[in-house]
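**Q** Next up is a structure, given as structure tokens.
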């Protein structure tokens with residue numbers, strides 16, 4: 004029996020791991036076969052693009068937009084509709100589904116270093132805000148402005164998690180804002196003038212940070228209006244960043260309050276006070292009089308309150324008491340600031356197309372070489388004309404022939420611009436796809452260790468890409484998972500998500516996509532795949548019910564291929580499978596189906612976006 008299983012695995016692995024997908028379908032964006040404007044530009048940098056089979060495009064589209072392989076019903080729908088409009092229709096449908104917001108929400112919150120849990124922070128609060136914004140198709144500039152100008156408790160204003168993640172530290176905030184939204188790394192200037200940006204000094208660094216100094220964060224006892232709403236009351240460690248007059252007044256008031264209250268109270272009275280004024284949820288407070296003092300050093304004068312200066316080096320013209328964060332957000336998202344838009348366009352493009360206009364994604368400096376700059380400028384114009392709505396941008400890209408280009412068939416020609424480069428499924432795509440092909444559509448244990456693309460510009464009515472349905476969020480102590488989005492982040496070390504690269508969220512997008520031996524072993528004999536295979540073909544399973552209706556193994560095996568890969572077995576695979584049949588065709592062979600199931604899950608075709 005063991006020998007038979009080994010032989011089965013051997014033949015199946017050899018036959019499946021080395022499958023080569025055929026290519027060559029013609030995709031048209033409209034009945035008039037109009038050329039996508041993006042393709043006109045793309046052909047300038049890569050004039051010889053071949054298009055991939057429609058089924059491959061559907062799988063690619065589903066994994067990129069929803070983080071999961073298509074369902075059997077969707078595969079069938081693809082065959083039933085016109086190829087001229089089918090992929091566009093699927094793209095619109097996918098963008099409206101909750102799974103889009105869940106998958107891209109996970110990507111965005113990874114970039115924003117969100118952690119699902121925190122002291123006095125309801126689980127999944129920030130994710131729900133970000134994913135919900137994507138689901139509603141909220142303009143990107145609006146989303147960024149909301150985060151940058153937020154204040155209040157996380158319960159009422161979840162956007163405040165953008166600041167609370169770093170304890171509202173103005174220096175840390177400035178560094179990440181520069182990288183996230185402007186692709187400018189300024190951290191080196193925290194201690195000295197920037198060695199790689201000639202016109203960015205240490206004082207410029209503090210001038211940028213000063214935009215984010217009018218706030219502080221509390222998750223314990225805090226009586227915000229202790230001295231009345233008209234007076235600045237800030238934590239002791241921030242008093243130094245008030246103007247000298249306010250600093251002296253606050254110190255006097257604190258001394259007086261301590262003398263007349265705290266110092267006279269009993270321990271019980273102090274506990275009662277702390278309990279009474281303990282915040283229910285982590286809260287971000289805004290104080291307009293707070294500033295940021297330039298530090299004293301041996302070789303440079305300091306101690307003055309720094310005047311805010313934008314990332315482009317221009318000094319901000321602010322009115323007394325003006326919210327500096329709003330001034331910065333307005334400057335950042337202004338229509339004239341195309342760099343803000345191009346930074347996120349580059350991130351989206353990289354995710355979908357497999358190559359970047361510039362790298363690293365968070366460092367666009369004077370030495371950066373931009374590839375395909377004309378395309379980047381074109382996408383910026385489209386993005387701006389469509390009110391910075393990410394769904395419109397994504398739809399525009401994925402309905403182009405450039406996105407639907409073929410894979411290379413040559414070992415020597417691996418040009419990522421001409422050919423689509425296969426990429427391993429990320430951790431969420433893998434887990435979601437494993438859940439989809441399971442009989443129960445859920446996993447109880449994850450431990451291991453037709454719109455023309457220029458209609459809106461022509462004044463015609465565009466698609467309404469507002470999402471439908473409810474978005475799931477990370478949940479505490481969940482026993483069964485229907486989607487990877489329900490797992491807390493950072494993903495626990497022992498989970499399959501962590502094994503396949505879901506990062507610790509210490510830095511921007513620190514997910515890992517390199518192949519490891521542990522990943523290969525996990526798919527071959529790990530707990531999650533092992534449980535899926537063990538349960539596959541059980542008495543009440545879909546595949547067993549299917550056999551009971553068809554009374555033949557041949558179509559059941561074909562449907563299994565279709566379910567996992569979106570195609571039927573090739574002629575060569577059918578011959579291999581016939582040699583493995585040990586029972587008559589009209590007898591249910593659970594062992595064989597489990598072997599095939601296991602082998603496909605371990606195949607390169609299943610594990611990659613092609």
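Residue numbers (the working numbering): 4 to 613. The beta-carbon is built from N, C-alpha and C at its ideal position, and this holds for glycine as well. Just so it is clear, the structure is predicted and the values come from calculations on it, not from any experiment.
State the CB to CB distance for the pair residue 169 and residue 403, rounded to an integer number of angstroms; the pair is presumed to be in contact (CB under 8 Å).
**A** The Cβ separation is near 38 Å, so there is no contact.
**Q** In the DSSP assignment, find the beta strand (DSSP E) that holds residue 286 and state where it starts and stops.
**A** Start and end: 286-289.
**Q** Which residue's Cα is closest to the Cα of residue 614: 99, 380, 496, 291?
**A** Given a span of 4 to 613 for the chain in the structure shown, any question on residue 614 remains unanswerable.
**Q** Ends of the beta strand (DSSP E) at residue 219?
**A** 218-221
**Q** Tell whether a beta-carbon distance below 8 Å holds between residue 612 and residue 66.
**A** yes
**Q** Report back the beta-carbon spacing between residue 217 and residue 143 to the nearest angstrom; my notes put them in contact at under 8 Å.
**A** Residue 217 to residue 143, Cβ: 24 Å. No contact.
**Q** Taking the straight line between their C-alpha atoms, what separation do you get for residue 353 and residue 360?
**A** The alpha-carbon atoms of residue 353 and residue 360 are separated by roughly 8 Å.
**Q** Applying the criterion that 16 or more other CB atoms from any shown protein chain within 10 Å of the CB defines a buried residue, is residue 491 buried or exposed?
**A** Only buried fits residue 491, as 16 or more other CB atoms lie within 10 angstroms of its CB.
**Q** Would you say residue 331 and residue 214 are within 8 Å of each other, going by their C-beta atoms?
**A** In this structure, residue 214 lies closer than 8 Å to residue 331 by Cβ.
**Q** How many Å lie between residue 50 and residue 411 at the Cα?
**A** 15 Å
**Q** Look at the alpha carbon of residue 57 and the alpha carbon of residue 90, and state the distance between them as a whole number of angstroms.
**A** 8 Å
**Q** Where do the ends of the alpha helix (DSSP H) carrying residue 143 lie?
**A** 143-151
**Q** Determine the closest residue to residue 252 out of 235, 113, 178, 261, with distance taken between C-alpha atoms.
**A** 235
**Q** Rounded to whole angstroms, what's the CA-CA distance from residue 77 to residue 576? Just pull it up for me.
**A** 24 Å
**Q** Compute the Euclidean distance between the alpha carbons of residue 472 and residue 75, then round it to the nearest angstrom.
**A** In this structure, the alpha-carbon of residue 472 lies about 21 Å from that of residue 75.
**Q** Between the C-alpha atoms of residue 202 and residue 192, what's the straight-line distance to the nearest angstrom?
**A** 11 Å
**Q** Am I right that residue 341 and residue 383 are in contact with their C-beta atoms under 8 Å? What's the rounded C-beta distance?
**A** 5 Å
**Q** Would you mind working out which of 102, 115, 45, 64 sits nearest residue 474, comparing C-alpha positions?
**A** 102
**Q** Assuming residue 130 and residue 476 make a contact with CB atoms under 8 Å, what is their CB distance in whole Å?
**A** 5 Å
**Q** What are the start and end residues of the alpha helix (DSSP H) that includes residue 588?
**A** For residue 588, no alpha helix (DSSP H) encloses it, and the DSSP letter there is neither H nor E.
**Q** Can you have a look at residue 387 and say buried or exposed, based on whether 16 or more other CB atoms are within 10 angstroms of its CB?
**A** exposed
**Q** What did DSSP end up calling residue 515 once you bin it into helix, strand or coil?
**A** coil
**Q** In whole angstroms, give me the CA-to-CA distance for residue 282 and residue 166.
**A** 17 Å
**Q** Thinking just about the alpha-carbon of each residue, which of 68, 40, 268 is nearest to the one in residue 351?
**A** 68
**Q** Applying the 10 Å Cβ sphere with the 16-neighbour rule, what's the burial state of residue 224?
**A** exposed
**Q** Span of the alpha helix (DSSP H) holding residue 78?
**A** Per DSSP, residue 78 belongs to the alpha helix (DSSP H) from 75-83.
**Q** Taking the straight line between their C-alpha atoms, what separation do you get for residue 180 and residue 107?
**A** 20 Å
**Q** Taking its Cβ as the centre, do 16 or more other Cβ atoms sit within 10 Å of residue 136, making it buried, or is it exposed?
**A** buried
**Q** Within 10 angstroms of its Cβ, does residue 407 collect 16 or more other Cβ (buried), or is it exposed?
**A** buried
**Q** Given residue 570, which residues of its chain have a CB within under 7 Å of its CB, disregarding the five upstream and five downstream residues?
**A** Within its own chain, the residues whose Cβ lies closer than 7 Å to the Cβ of residue 570, once the five positions on either side in sequence are excluded, are 58, 564, listed in chain order.
**Q** Using 10 angstroms around the beta-carbon of residue 270, count the other beta-carbons present and answer buried if the total reaches 16, otherwise exposed.
**A** exposed
**Q** For residue 423, which three-state DSSP category applies?
**A** Coil at residue 423, not helix or strand.
**Q** Which same chain residues, not among the five before or five after residue 526, have their C-beta less than 7 Å away from its C-beta?
**A** 532, 604, 605
**Q** Could you tell me if residue 552 is buried or exposed, where buried requires 16 or more neighbouring beta carbons within 10 angstroms of its beta carbon?
**A** exposed
**Q** What does the alpha-carbon distance come out to for the pair residue 438 and residue 119?
**A** 22 Å
**Q** Just to confirm, are residue 499 and residue 506 a CB contact at a threshold of 8 Å?
**A** no
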